[in-house]
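Each remark here refers to the structure printed beneath this line.
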Ligand code: ATP
Ligand code: MG
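So, in structure tokens, the structure goes:
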């Protein structure tokens, strides 16, 4: 299985999308945010360090993140295929990921970039705050996270383009069927797999259905569509 890098701003749907793919294909999943939150909960030294950065909406130092990532990756059997969710977030992290994988005879596979308008992101994150109670999902910290995303993480998009593995899905520009089909074809070419039908993630109806449709085509076949207010419509064929 190919590795997949899910890339996008806070709240763009990286975790939700990863969960769908992981559930279906039993791939590995590394969410660096989740790893750090677990460390905080367990009260480890790393957790204590992480807390200060996270509460402030800042990124942890690259060296630290790179070590964490390599350790997490090596826990999976070689060749299983891992989804990287929340990593890399800087160009040094991306270079390190590429090197780490090359040392093991692996590669980055494909990158999927989720582009969502900031207003939508903010609304989703504030809603998530109510559901999940994440301390960094408050308006002030979210704004900092957006700023950090723009200055440190967004430039990576071009880096992935140069690597030839970027697949960008934009709600605003490609949120039509034609756009989606074009996007799906790109994914299909990048990673043709077998059939796929998906359950529905709960918290971002409407928007996530688009991602899921993209995922459905990426792994070929048909998938479900959600209406804006949640209920499932009949299976929706992407092709
Ligand atoms: P979402 O989960 O909705 O995509 P997010 O991307 O802001 O939101 P996480 O990926 O969970 O959230 O990350 C939470 C915080 O953990 C970040 O704001 C940052 O402080 C820290 N963090 C996570 N991954 C990294 C990383 N690769 N490099 C540096 N810091 C990180
Ligand atoms: Mg996440």
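Residue numbers (our numbering): 1 to 239. The beta-carbon is built from N, C-alpha and C at its ideal position, and this holds for glycine as well.
The C-alpha of residue 142 lies about 8 Å from the C-alpha of residue 10. Contact between residue 81 and residue 3 holds, with the beta-carbon distance rounding to 6 Å and staying under 8 Å.
Non-local C-beta neighbours of residue 52 in its own chain, meaning closer than 6 Å and more than five positions away in sequence, are absent. Annotation note: the segment 101-157 contains the following uninterrupted alpha helix (DSSP H) runs of length 4 or greater, listed N- to C-terminal: 118-132 and 139-148.
If the five residues before and after residue 98 are omitted, its C-beta is found closer than 7 Å to the C-beta atoms of 108, all from its own chain and listed in chain order.
Placement of the Cβ of residue 87 at a distance of less than 7 Å from at least one heavy atom of ligand 1 is found. Residues of the same chain with a CB within less than 6 Å of the CB of residue 121, apart from the 5 flanking positions on each side, are 9 and 11 in chain order.
Less than 8 Å divides the Cβ of residue 168 from the Cβ of residue 113. The shortest CA-to-CA distance from residue 162 to any of 110, 17 and 145 is the one to 110. In the structure shown, the three-state DSSP call for residue 18 is helix. Here residue 44 is exposed: its Cβ has fewer than 16 other Cβ atoms, across all protein chains shown, within 10 Å.
The beta carbon of residue 88 is closer than 7 Å to those of 94, 97 and 156 in its chain, skipping five residues each way along the sequence. Residue 124 has its alpha-carbon roughly 10 Å from the corresponding atom of residue 131. Of the candidates 21, 139, 158 and 100, 100 places its Cα closest to the Cα of residue 63. In the DSSP annotation of this structure, the continuous segment of the alpha helix (DSSP H) that includes residue 66 starts and ends at 62-74. Boundaries for residue 54: no beta strand (DSSP E) harbours it, while the alpha helix (DSSP H) harbouring it runs 45-55, taken from the DSSP string. In this structure, the CA atom of residue 69 is about 19 Å from the CA atom of residue 1. Taken through DSSP and simplified to helix, strand or coil, residue 40 comes out as helix.
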